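The structure is reproduced here in C-alpha coordinates:
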(Lines of atoms letter the chains of each structure in order from A; the text may use other names.)
(Lines give C-alpha, C1' and ligand atoms only; values in the text may rest on other atoms or scores of the structure.)
Protein backbone atom coordinates (compact mmCIF):
# COMPACT_ATOMS: atom_id res chain seq x y z
CA UNK A 1 0.00 0.00 0.00
CA UNK A 2 1.37 3.41 -0.97
CA UNK A 3 0.18 6.65 0.59
CA UNK A 4 -0.13 10.13 -0.88
CA UNK A 5 1.06 13.37 0.70
CA UNK A 6 -0.98 15.86 2.73
CA UNK A 7 -2.52 18.72 0.76
CA UNK A 8 -0.56 21.91 0.15
CA UNK A 9 -3.53 24.26 0.53
CA UNK A 10 -4.17 27.42 2.52
CA UNK A 11 -6.96 29.97 3.02
CA UNK A 12 -5.91 31.84 -0.16
CA UNK A 13 -6.08 28.77 -2.43
CA UNK A 14 -8.43 29.31 -5.37
CA UNK A 15 -7.01 26.76 -7.83
CA UNK A 16 -6.38 23.17 -6.76
CA UNK A 17 -4.17 21.00 -8.96
CA UNK A 18 -4.85 17.29 -8.51
CA UNK A 19 -2.71 14.38 -9.57
CA UNK A 20 -3.71 10.77 -9.06
CA UNK A 21 -0.95 9.39 -6.79
CA UNK A 22 2.78 10.23 -6.52
CA UNK A 23 5.13 8.07 -8.58
CA UNK A 24 8.15 6.18 -7.28
CA UNK A 25 10.61 9.11 -7.57
CA UNK A 26 8.20 11.42 -5.74
CA UNK A 27 7.52 8.90 -2.99
CA UNK A 28 11.25 8.34 -2.50
CA UNK A 29 11.97 12.09 -2.20
CA UNK A 30 8.64 12.87 -0.47
CA UNK A 31 8.06 15.67 -2.98
CA UNK A 32 5.39 16.14 -5.61
CA UNK A 33 6.59 15.71 -9.20
CA UNK A 34 10.16 14.79 -8.25
CA UNK A 35 10.97 12.78 -11.40
CA UNK A 36 13.61 14.72 -13.36
CA UNK A 37 11.69 14.36 -16.63
CA UNK A 38 8.27 15.31 -15.26
CA UNK A 39 7.23 18.62 -16.82
CA UNK A 40 5.06 19.83 -13.92
CA UNK A 41 7.46 22.30 -12.29
CA UNK A 42 8.78 23.58 -15.61
CA UNK A 43 5.19 24.28 -16.70
CA UNK A 44 4.32 26.01 -13.42
CA UNK A 45 7.43 28.17 -13.39
CA UNK A 46 6.96 29.09 -17.05
CA UNK A 47 3.28 30.00 -16.61
CA UNK A 48 3.99 31.98 -13.45
CA UNK A 49 6.95 33.83 -15.06
CA UNK A 50 9.37 32.75 -12.39
CA UNK A 51 12.26 30.91 -14.08
CA UNK A 52 14.69 29.45 -13.12
CA UNK A 53 13.04 26.60 -11.24
CA UNK A 54 13.84 26.43 -7.53
CA UNK A 55 15.78 23.38 -6.34
CA UNK A 56 14.16 23.32 -2.91
CA UNK A 57 10.69 21.75 -2.77
CA UNK A 58 9.40 24.18 -0.12
CA UNK A 59 10.25 27.10 -2.42
CA UNK A 60 8.27 25.48 -5.23
CA UNK A 61 5.26 25.16 -2.93
CA UNK A 62 5.69 28.80 -1.83
CA UNK A 63 5.53 29.90 -5.48
CA UNK A 64 2.27 28.01 -5.99
CA UNK A 65 0.77 29.38 -2.79
CA UNK A 66 1.84 32.94 -3.67
CA UNK A 67 -0.29 32.47 -6.79
CA UNK A 68 -3.30 31.01 -4.92
CA UNK A 69 -2.58 27.50 -6.19
CA UNK A 70 -2.82 24.35 -4.08
CA UNK A 71 -1.58 20.85 -4.75
CA UNK A 72 -2.90 17.42 -3.78
CA UNK A 73 -3.84 14.00 -5.15
CA UNK A 74 -7.22 12.43 -5.75
CA UNK A 75 -6.18 9.22 -4.01
CA UNK A 76 -5.16 8.91 -0.37
CA UNK A 77 -3.69 5.44 -0.85
CA UNK A 78 -3.67 2.50 -3.22
CA UNK A 79 -1.78 -0.54 -4.39
CA UNK A 80 0.34 -0.04 -7.49
CA UNK A 81 3.29 -1.70 -9.14
CA UNK A 82 5.55 0.97 -10.62
CA UNK A 83 4.43 4.55 -11.21
CA UNK A 84 1.74 4.22 -13.89
CA UNK A 85 -1.87 5.04 -12.96
CA UNK A 86 -3.13 2.13 -15.05
CA UNK A 87 -1.69 -0.24 -12.41
CA UNK A 88 -3.66 1.29 -9.51
CA UNK A 89 -5.99 -0.97 -7.56
CA UNK A 90 -7.68 -1.04 -4.16
CA UNK A 91 -7.66 2.74 -4.02
CA UNK A 92 -9.15 5.05 -1.40
CA UNK A 93 -9.92 8.66 -2.30
CA UNK A 94 -8.90 11.66 -0.22
CA UNK A 95 -11.55 13.50 1.83
CA UNK A 96 -12.56 16.30 -0.52
CA UNK A 97 -15.84 17.07 1.25
CA UNK A 98 -13.86 18.21 4.33
CA UNK A 99 -11.26 20.01 2.21
CA UNK A 100 -13.86 22.09 0.36
CA UNK A 101 -15.69 22.90 3.62
CA UNK A 102 -12.42 24.08 5.20
CA UNK A 103 -11.23 25.95 2.08
CA UNK A 104 -14.34 27.40 0.39
CA UNK A 105 -12.26 29.78 -1.78
CA UNK A 106 -11.34 26.85 -4.07
CA UNK A 107 -13.35 27.38 -7.26
CA UNK A 108 -11.17 25.65 -9.85
CA UNK A 109 -9.73 22.16 -10.05
CA UNK A 110 -7.05 21.40 -12.61
CA UNK A 111 -6.51 17.68 -13.12
CA UNK A 112 -2.98 16.62 -14.03
CA UNK A 113 -4.00 13.89 -16.47
CA UNK A 114 -7.16 12.03 -17.40
CA UNK A 115 -6.77 9.35 -14.73
CA UNK A 116 -6.97 11.81 -11.82
CA UNK A 117 -10.13 13.24 -13.36
CA UNK A 118 -11.59 9.77 -13.85
CA UNK A 119 -11.03 8.74 -10.22
CA UNK A 120 -12.37 12.06 -8.93
CA UNK A 121 -15.54 11.99 -11.06
CA UNK A 122 -16.25 8.38 -10.16
CA UNK A 123 -16.31 9.20 -6.44
CA UNK A 124 -17.42 12.86 -6.26
CA UNK A 125 -19.02 13.77 -9.60
CA UNK A 126 -19.29 17.41 -10.64
CA UNK A 127 -19.24 19.61 -7.54
CA UNK A 128 -21.45 22.69 -7.77
CA UNK A 129 -19.53 25.96 -7.97
CA UNK A 130 -16.23 24.40 -9.06
CA UNK A 131 -14.85 24.59 -12.61
CA UNK A 132 -12.88 21.59 -13.85
CA UNK A 133 -10.01 21.52 -16.34
CA UNK A 134 -8.42 18.26 -17.48
CA UNK A 135 -4.84 18.81 -18.60
CA UNK A 136 -2.41 16.44 -20.27
CA UNK A 137 -0.35 14.55 -17.74
CA UNK A 138 3.01 16.13 -17.02
CA UNK A 139 4.48 12.65 -16.51
CA UNK A 140 7.37 11.51 -18.72
CA UNK A 141 5.12 8.59 -19.69
CA UNK A 142 3.07 11.13 -21.67
CA UNK A 143 5.21 11.67 -24.76
CA UNK A 144 3.47 14.91 -25.81
CA UNK A 145 6.04 17.67 -26.27
CA UNK A 146 6.66 20.19 -23.51
CA UNK A 147 5.48 23.04 -25.78
CA UNK A 148 2.16 21.30 -26.46
CA UNK A 149 1.64 20.51 -22.77
CA UNK A 150 2.44 24.13 -21.87
CA UNK A 151 0.01 25.52 -24.44
CA UNK A 152 -2.85 23.35 -23.13
CA UNK A 153 -2.00 23.95 -19.45
CA UNK A 154 -2.00 27.71 -20.03
CA UNK A 155 -5.76 27.56 -20.72
CA UNK A 156 -6.39 26.74 -17.04
CA UNK A 157 -4.63 29.93 -15.93
CA UNK A 158 -6.27 32.51 -18.19
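Numbering (UniProt numbering), first residue to last: 1 to 158.
For glycine and all other residues, C-beta sits at the position ideal for the given N, C-alpha and C.
The structure presented is a predicted model; accordingly, all values stated were derived computationally and were not measured.
Could you tell me how far apart the beta carbons of residue i and residue j are, in whole angstroms, since I believe they sit closer than 8 Å?
{"i": "residue 27", "j": "residue 111", "result": "With a Cβ gap of about 20 Å, residue 27 and residue 111 do not count as contacting."}
{"i": "residue 108", "j": "residue 15", "result": "5 Å"}
{"i": "residue 160", "j": "residue 131", "result": "Nothing about residue 160 can be reported from this structure: the residues present for the chain run from 1 to 158 only."}
{"i": "residue 70", "j": "residue 124", "result": "Going by Cβ atoms, the distance from residue 70 to residue 124 rounds to 16 Å, so no, they are not a contact pair."}
Could you spell out the range, first to last residue, of the beta strand (DSSP E) harbouring residue i?
{"i": "residue 217", "result": "Examination of residue 217 is not possible in this model, given that the chain is present from 1 through 158 alone."}
{"i": "residue 58", "result": "That residue, residue 58, is in no beta strand (DSSP E); its alpha helix (DSSP H) goes 57 to 66."}
{"i": "residue 48", "result": "Per DSSP, residue 48 belongs to no beta strand (DSSP E) and is neither H nor E."}
{"i": "residue 148", "result": "Where residue 148 is concerned, there is no enclosing beta strand (DSSP E), although the alpha helix (DSSP H) it sits in stretches over 146 to 154."}
{"i": "residue 23", "result": "From DSSP, residue 23 is part of no beta strand (DSSP E); its letter is neither H nor E."}
Can you tell me the Cα-Cα spacing of residue i and residue j, whole angstroms?
{"i": "residue 59", "j": "residue 50", "result": "11 Å"}
{"i": "residue 146", "j": "residue 40", "result": "10 Å"}
{"i": "residue 62", "j": "residue 102", "result": "20 Å"}
{"i": "residue 154", "j": "residue 113", "result": "14 Å"}
{"i": "residue 120", "j": "residue 93", "result": "8 Å"}
{"i": "residue 13", "j": "residue 36", "result": "27 Å"}
{"i": "residue 150", "j": "residue 116", "result": "18 Å"}
{"i": "residue 48", "j": "residue 118", "result": "27 Å"}
{"i": "residue 34", "j": "residue 22", "result": "9 Å"}
{"i": "residue 10", "j": "residue 67", "result": "11 Å"}
{"i": "residue 55", "j": "residue 127", "result": "35 Å"}
{"i": "residue 90", "j": "residue 76", "result": "11 Å"}
{"i": "residue 122", "j": "residue 133", "result": "16 Å"}
{"i": "residue 148", "j": "residue 104", "result": "32 Å"}
{"i": "residue 156", "j": "residue 25", "result": "26 Å"}
{"i": "residue 44", "j": "residue 129", "result": "24 Å"}
{"i": "residue 46", "j": "residue 88", "result": "31 Å"}
Quick check on the DSSP output: the alpha helix (DSSP H) that includes residue i runs from which residue to which?
{"i": "residue 76", "result": "Element bounds for residue 76: not the alpha helix (DSSP H) but the beta strand (DSSP E), 75 to 79."}
> Can you list, in chain order, the stretches of the alpha helix (DSSP H) that have 4 or more residues and sit fully within the stretch 84 to 134?
Replying inline: As far as the stretch 84 to 134 is concerned, its whole alpha helix (DSSP H) runs of at least 4 residues are 96 to 102 and 114 to 124.
>> Using a Cβ distance threshold of 8 Å, determine whether the stretch 79 to 88 contacts the stretch 97 to 108, with at least three qualifying pairs required.
In response: no
> Per the contact definition of three or more C-beta pairs closer than 8 Å, is the stretch 1 to 9 in contact with the stretch 124 to 143?
Replying inline: no
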